[in-house]
Each structure stands twice: as structure tokens, then as C-alpha cells.
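Novice:
In the working numbering, the protein residues as written are 776 to 1387.
1) Assign residue 1277 to one of two classes, buried (16 or more other C-beta atoms within 10 Å of its C-beta) or exposed (fewer than that).
2) Near residue 1045, which residues of its chain fall below 8 Å by C-beta distance, leaving aside the five closest residues on each side in sequence?
3) Which class does residue 1104 belong to by DSSP, given the choice of helix, strand or coil?
4) Roughly how many angstroms lie between the CA atoms of residue 1074 and residue 1121, to the nearest whole one?
5) Since I believe residue 858 is in contact with residue 809 (beta carbons under 8 Å), could you give me their beta-carbon distance rounded to a whole number of angstroms?
6) How do the stretch 853-869 and the stretch 813-821 stand: do at least 3 beta-carbon pairs fall below 8 Å, yes or no?
7) How is residue 1162 classed by DSSP in three states: helix, strand or coil?
8) Tell me residue 1058's beta-bridge partners as DSSP assigns them.
9) Does the structure place the stretch 1096-1114 close enough to the stretch 1194-1208 that three or more beta carbon pairs sit under 8 Å?
10) Kindly provide the ranges of any beta strand (DSSP E) runs that are 3 or more residues long and lie completely inside the stretch 820-876, ordered along the chain.
11) On the DSSP letters alone, give me the boundaries of the beta strand (DSSP E) that residue 1323 sits inside.
12) Could you pull out every residue in the same chain whose Cβ sits closer than 6 Å to the Cβ of residue 1102, ignoring the five residues on either side in sequence?
13) Any idea what DSSP makes of residue 1121, helix, strand or coil?
14) With a cut-off of 8 Å, do at least 3 Cβ pairs link the stretch 900-908 to the stretch 931-945?
15) Assuming residue 1299 is part of the alpha helix (DSSP H), what are its boundary residues?
16) Starting from residue 972, trace the alpha helix (DSSP H) both ways and give me its first and last residue.
17) If you check the beta carbons only, do residue 981 and residue 954 fall under 9 Å apart?
18) Unbroken beta strand (DSSP E) runs of length 3 or more, entirely within the stretch 874-958: which are they?
19) Counting Cβ pairs closer than 8 Å, one from the stretch 1369-1384 and one from the stretch 1313-1327, do we hit at least three?
20) Specify the secondary structure class of residue 1063 as computed by DSSP and reduced to three states.
21) When you compare each of 1144, 888, 1174, 878 to residue 1228 by their alpha carbons, which one comes out closest?
22) Please return the same chain residues whose Cβ sits closer than 6 Å to the Cβ of residue 1334, not counting the five positions on each side in sequence.
23) Taking buried to mean at least 16 other C-beta atoms within 10 Å of its own C-beta, is residue 827 buried or exposed?
24) Give the straight-line distance between the Cα atoms of residue 1158 and residue 1152, rounded to the nearest whole angstrom.
25) For residue 1073, which residues does DSSP report across the bridge?
26) Per DSSP, what kind of secondary structure is residue 1362 in: helix, strand or coil?
27) Can the beta-carbon of residue 1097 be found less than 9 Å from the beta-carbon of residue 1072?
28) Taking only the alpha-carbon atoms, compute the straight-line gap between residue 1059 and residue 1162 and give it to the nearest angstrom.
29) What would DSSP say about residue 1044, mapped onto helix, strand or coil?
30) If residue 1206 and residue 1099 are in contact, beta carbons under 8 Å, what's the gap, nearest whole angstrom?
31) Flag residue 852 as yes if its beta-carbon sits less than 9 Å from any beta-carbon of chain D, otherwise no.
32) Take every Cβ of the stretch 963-972, pair it with every Cβ of the stretch 985-1004, and state whether three or more of those distances are shorter than 8 Å.
33) For the stretch 996-1041, which segments carrying the beta strand (DSSP E) assignment without a break, of at least 3 residues, lie completely within its bounds, in sequence order?
34) Identify which residue in 1268, 817, 928, 1086 has its Cα closest to the Cα of residue 950.
35) From residue 1051 to residue 1154, what does the alpha carbon distance come to, in whole angstroms?
36) Out of 1057, 975, 1070, 786, point me to the one whose CA is closest to residue 1087's CA.
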């Protein structure tokens, strides 16, 4: 049921993760002219943290910042401006989040109505799922013996139902990130479950907004164009229309940049096949998306297409797998990297001997990174001669007691090993649980999403189309690589030809690469083969590399399996989520015609690899 059909609405996103600045929602409420405020707090890592919190204290398990730092201070203004709020801040305990909100609203004297969406939590079904023989959808591993959390990614229609029931604030548990934007669009414009193109466009709007300031110039390749505004970054909003079209902008007078390039970098973030991005409500085809400047800090987005979703929900479970411990220390002087590696080798040998003498098996895994010597670049490092590094040593073991020996025996290195070893960070490290992600699919008919508002509880069964999509997308059109060049070529770093963004899904990393000029595409295609990318990241990637065309954005999406050492807090790496991988790829040498660097050429003034 739709109360009123409007021509357009403005949705602003004030948080891209749990811990984001409360300046975002404050800015959008006071300067953004928004109809809806949405906040995305959840990630796989966050769910495991919230589950641990709830296990220790039943009054926790939700994003507490949402209540204390966002809604309580802004409740009166939100009520006066009739802004509606949608968030997944409920985490693994949406009921308690609702109760905390209502208590805060009572304290400040506003009567905002709060609905919750439940049905994603399957933690009580662990034994049933285990007996079904469910395996991990990427690795094929068996269902874990014990789980910390099990949550399905719900879609947007329960959110729309909560808004239709009269909620001012909708709090969900786990849903796909983009659903917090798609839900209001379904409600406001009366979109039906079969309106696949519109659902795909609304999901794309949500995908762009969901990471907050990432869409307004945050973490972009061409950082110098935005660096002066970092202290006052604007948060994004989308002006959305009933036909599915929308424009992205930010509040007037705020920092940052909204341009086709900043929006393109956000679109490619954490997507696999752009022609088959599978969500609960729609299978999205964003391969032909177009971006156009629509004014200062305004970008028009078009070209999203959709088709039927699958008959399954994706489910993410988390489980404990032993313990991890890590330490960092600084080493200064000539041959700093070599000395750091010698220290690491000695520390691991010493600690390994001591834990074996104590009756424990050896470390299950160890990781050594010399930060400052370009450890992220592996064999491509150009900084081995650096005179200052930070040595990071990480280890994993089934027994916490074994890692306590490691934690105790690090400090003796200060007097027994390399001169100038100093700056141990954070004191003696404390072993922490390793939490791993286990993803699988479940039939939508097995879940019963519900909306609760006051004394009312409404079932919102999933739409399961007769012709659900479980197969990959149709192959997108490929751009042929150029014939072997006959003229003179020179190699330039990839960053001269393209920009990009990297992200993660568990132990899978993706890098979206977008050409700065469509004329560069054939040369990028020749250089960015899965084999070449795999070799560039040979020090990290243990699985296959896939490349998907993204013709609408003049680029590619590179997907690297088993690339993050387990991913999230299961990884011992300094960059467990692959945030730096796009920048590592930007140094890849790409042969191009020498004439491109000549005066008047498209790369005039760029550096060759010899200059870099």
C-alpha cells in the first residue's frame, strides 16, 4: 500500500560503516534537504563482533552509536522535518535497538514510531542446517561444528512494508546494504516485485550511497583533486524518480567531489560480474550503466537493467577458528628491511621452539610484513633500500595459551636482536579469537521475514518468481585486443591510463579498473589479463583470477579468489580487506604507442616506467 506517490524523493546516506562520523547524518539532516536518512552499519566483520557482544550481554548486539550519537541528538529535528530513517543498525539484536530508540525518544520528548524487520537470524537453526550437509559456497568446506552468528541477507520489500505501516524509523537486522535505499523507493513509487529494471536502478542508487563519503570523493585514485576538502567531506544523496532515474549530489558548501569518475569508482566497489550482480529482489545488470555530469557536483546515472532474482537468499555464518596475535616494531638504519626479516625469522623460530617445548603444536599460520619496504608489492617492491621500516609479525594457533607465550617472548628481541629495534606498538599483544566467514545459499521459502510496529506484526514473504535466475549473466560484449603493435611502444604505469577501486567479499578481492579514455581500452585489455594480474599479486593470490568486462564504464572488474589470507579478522595481513590492492595494481606497466607521449598525444607529460 502506497499512501502518496511523489514525483521524486531525496535519500541521503549518513553512515557507511559502524564507527562512521556522526557528522554525516547531522550534515544531511541540517543541510541536505532530504526526505529519507539511511545509514549502513553492517559488514561481515561487524556481524561477528555484534554476535560476541550479545553473547556477553543480551542488551547489546546492535550499533549503539546509532541511538546515542545519531538519533538522540537529531530526533527533534528529524521529527520536525518529517524525515524518515532506515538503517540496518539492529545487527543481531533489532528488538533491543528498537527499545533503546524508544527510550531515547521519550527522553527528548518526540513520538517517532519505530518498526523492526526480523527473520534474517538463523542462529537457532544451526543444527538443522548442519544435518542438511550444507557446504561453503566458495570453498566447499563443511558446515562448522559451532557458529557465532548465522544471518541471511534480506531484501527491500520488508522495509517498504514497514514504511507503508506508518513507521518513522525502520530498523533491520541483516539485509543487503542497498536495501536501505531500495525500500523507500519501493514504498514511495509503488514499484512491484516484477519491476526489475526499476529495482535494479534503485539498488544501484543504494550501492552508490551505501558507503557514505566514498561516493563524494573519498578514497579516490586522483586524491590530490580532493585532499583539500578531506576535513569537511560532504555525504551523498540521491534525487530519485519513479521511472528509476536518479542523480547523485551532496549538500551545498561541503567538501569533496561528485563527478563521473568518483561515482564510477564507487560503482565498481565490491561487485563481481557487473552483468549479474545478484540481490534478493533482482539480478542486476549494471554493465551498460552511463554516467553524465548534470551540474556542479551532480551526476546523472542511467542504464541499469534487471531480471528475475534467484530463489535463494545468501546467508553468512561466522565461527571461531582458534586465536591470532600480532605485534609491530620499528627498525631504523641501513639494511632495515633485511634486518627486520632476520628479526622476524628469529622471533618465530624462538617462539615456535618454546611453544613446542610447552607441549603445543607449531603455529597454524604466520605472517611477516615489512611495512615501509613495500610489502604490499611483493617482488615488485622498489623500496628494499629504505632505512626505516615497521616490522609486523602475526601468528595463528588453536590454543590461546600458545599465543600467550608468543606475546611474552616478543620483547626480548629488543635486547637480543637488531640494533635500533624500538617502538613496540600497544604494549604486549593479547591473543584474539579468529572469526571466519562461512557463506551459503538457502531457499527463500525457508525464511519468514516479519515487520513489527507496536503491537502489530506483519509477515512479508519473499517474492519467488517462476523463472528465477540462478545462472551467470549472458556474456557481455568484448572489446578485441589490438593486433601486436608494429610501431615503437613505451611502458607507462596503469595509473596514467586508468583509475580504480578495490574491495572485498570474505577471502575474495576485486579491483575495478576504469579507463580514463575509451581509446585506452584495447591496450588495457592486452595488459590486464587474468594471468598478468595473478602474477602481479602472486605474493597474495592463491586462487583463480577472473576478468569481467564493464563496457558502460569503459573498464573491467578483476576478481581474485583466495586473495586476502582468509579475509576480515581471519586474516593476519595488515590489509585484510584488500583496500590497498587497487593502488598496488596502478603500478603495473602497460605498453602503449610511443606517439601517445609526444606533444599533443593523449599521455603527453606522463611518466614512463623508466621515469617512475
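Glycine included, every Cβ here is placed at the ideal spot set by N, Cα and C.
Specialist: If we stick to the structure as given:
1) In this structure residue 1277 is buried. Its beta-carbon is surrounded by 16 or more other beta-carbon atoms within 10 angstroms.
2) If we look at residue 1045 and ignore the five residues flanking it on each side, its Cβ neighbours are 1278, 1279, 1280, 1285.
3) Here residue 1104 sits in strand by DSSP.
4) CA-CA distance, residue 1074 to residue 1121, rounds to 55 Å.
5) Their Cβ separation, rounded to whole angstroms, is 6 Å, which keeps residue 809 and residue 858 in contact under 8 Å.
6) Enough Cβ pairs lie closer than 8 Å, so yes.
7) In this structure, residue 1162 counts as coil in the three-state DSSP scheme.
8) 1053, 1082.
9) The answer is yes - the stretch 1096-1114 touches the stretch 1194-1208, with three or more Cβ pairs under 8 Å.
10) Complete beta strand (DSSP E) runs here, min 3: 859-862.
11) In the DSSP assignment, residue 1323 falls within the unbroken beta strand (DSSP E) covering 1320-1325.
12) Counting only Cβ-Cβ distances below 6 Å, and skipping sequence neighbours, we find 1168, 1185, 1204.
13) DSSP places residue 1121 in helix when its eight states are reduced to three.
14) Contact between the stretch 900-908 and the stretch 931-945 is absent, with fewer than three C-beta pairs closer than 8 Å.
15) It spans 1296-1302 - the alpha helix (DSSP H) in which residue 1299 sits, taken as one unbroken run.
16) Per DSSP, residue 972 belongs to the alpha helix (DSSP H) from 971-984.
17) Taking 9 Å as the Cβ cut-off, residue 981 and residue 954 qualify as a contacting pair.
18) 889-893, 924-927, 944-947, all fully within the stretch 874-958.
19) Output reads no: the stretch 1313-1327 does not touch the stretch 1369-1384.
20) When DSSP states are grouped into helix, strand and coil, residue 1063 belongs to the coil group.
21) Answer by Cα proximity: 888.
22) Apart from the 5 residues on each side of it in sequence, residue 1334 sits with its Cβ closer than 6 Å to the Cβ of 1047, 1285, 1321 in its chain, given in chain order.
23) Counting other Cβ atoms within 10 Å of its Cβ, residue 827 reaches 16 or more and is therefore classed as buried.
24) Cα to Cα, the separation comes out at about 10 Å.
25) Assignment of beta-bridge partners to residue 1073 by DSSP yields 1070.
26) Of the three classes helix, strand and coil, the one that applies to residue 1362 here is coil, per DSSP.
27) Result no, Cβ atoms of residue 1097 and residue 1072 do not sit closer than 9 Å.
28) Taking the straight line from one Cα to the other gives about 49 Å.
29) DSSP, read as helix, strand or coil, puts residue 1044 in coil.
30) Contact between residue 1206 and residue 1099 holds, since their C-beta atoms are separated by about 7 Å, short of 8 Å.
31) Included in the structure is just one protein chain, with no chain D present.
32) These segments do not touch.
33) For the stretch 996-1041, the continuous beta strand (DSSP E) assignments of 3+ residues that do not extend past its boundaries occur at 1012-1016, 1021-1024, in sequence order.
34) Measuring from the Cα of residue 950, the nearest candidate turns out to be 928.
35) Approximately 34 Å, taken between the alpha carbons.
36) With distances taken between Cα atoms, residue 1087 lies closest to 1057.
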